[in-house]
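A.B. asks:
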Amino acid sequence: MVLAQMAQRISGRFHQRFALRLLVLVLASGTAISAVPEIATELALEPSMLTGDVAELAPTAVAARSRTEQLPKLVLRAARRSGTVFWLTSQLPAAAAKIADPALLIEKGRHLAVDLYLLRDGAAKAILPATALPGFFGMHTAVYALPDPLRAGDQMIARVTATGRGAEDLQLRVAGLADTLALGATHARTITLAFGALAAMSLGALVIWLVLKERIFLLYCALFTLQALYILFL
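In terms of this note's numbering, the sequence shown is numbered consecutively and its last residue is 251.
Shown next as structure tokens:
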């Protein structure tokens, strides 16, 4: 009887400690998220789309058609129904010239491949991606470093190829490259810290279960493990 009471007291203390650790973890996560830096200047683009039998078109031909035709604004669902390849075109806003290190950010599903061109003085120059920042729900942000400075009349042209299925979202914006990379590094660091904390809590719950043999600690272990995997792989 005495041993049972002692075990119950010990178990109660462990429950209290776990609740306290969980509260500290939640507060620490909130502090880390609130400390994420913001991008100083960010300009959203509303590109027009060119769909249909356009797979063999050159970027300069797309630019010419954008000047002679009234192209509709991008509606991703309609563009996807038109075929596996479609084009986007947009004049870069004048405010983009004020950004010291401009970059084009394309937030998209991983199944959408983008070939980017910058049309300047009638010539199309291919812009290679600088990096890609992972996101949630099968999304990522492709980062393209643009020429500095941008000029009035610069036109962005993108060839989009869809392969397979994925997150059906496509958004474009112009922002500073340094701010974008700093934000991406902070996101990666926050995810790593959160995963490490949850993994430690999961391991601690498993060790306590080996000592006390109470089923609830296995549930704690499963809970923290699933949360860690959710953060890491979603």
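Every residue, glycine too, gets a C-beta built ideally from N, C-alpha and C.
1) Does the segment 89-108 touch the segment 162-172, meaning 3 or more C-beta pairs lie closer than 8 Å?
2) By the 10 Å Cβ neighbour count, where 16 or more other Cβ atoms means buried, how is residue 126 classified, buried or exposed?
3) Per DSSP, what kind of secondary structure is residue 148 in: helix, strand or coil?
4) Within the same chain, show all residues whose beta-carbon is closer than 7 Å to that of residue 113, passing over the 5 residues directly before and after it, in chain order.
5) Compute the Euclidean distance between the alpha carbons of residue 176 and residue 131, then round it to the nearest angstrom.
6) Report buried or exposed for residue 197, applying the criterion of at least 16 other Cβ atoms within 10 angstroms of its Cβ.
7) I'd like to know if the segment 72-92 and the segment 132-142 are in contact, where contact means that at least 3 CB-CB pairs between them fall below 8 Å.
8) Are residue 58 and residue 193 closer than 8 Å when you measure CB to CB?
9) Should residue 3 be labelled buried (16 or more other beta-carbon atoms within 10 Å of its own) or exposed?
10) With DSSP run on the structure shown, which of helix, strand or coil describes residue 181?
11) On the DSSP letters alone, give me the boundaries of the beta strand (DSSP E) that residue 193 sits inside.
12) For residue 183, collect the residues of the same chain with a Cβ closer than 8 Å to its Cβ; drop the 5 residues on either side in sequence, then sort them by chain order.
13) Less than 8 Å between the beta carbons of residue 158 and residue 123, yes or no?
14) Return the first residue and the last residue of the beta strand (DSSP E) that residue 79 is part of.
15) May I ask you to report which of helix, strand or coil DSSP gives residue 228?
C.D. replies: Let me lay it out:
1) yes
2) buried
3) strand
4) 60, 119, 167, 191
5) 6 Å
6) buried
7) yes
8) yes
9) The structure shown has nothing for residue 3, since the chain only spans 18 to 251.
10) coil
11) 187-193
12) 126, 127, 128, 129, 155
13) yes
14) Taken as a continuous stretch (DSSP letters only), residue 79 belongs to no beta strand (DSSP E), being part of the alpha helix (DSSP H) at 76-85.
15) helix
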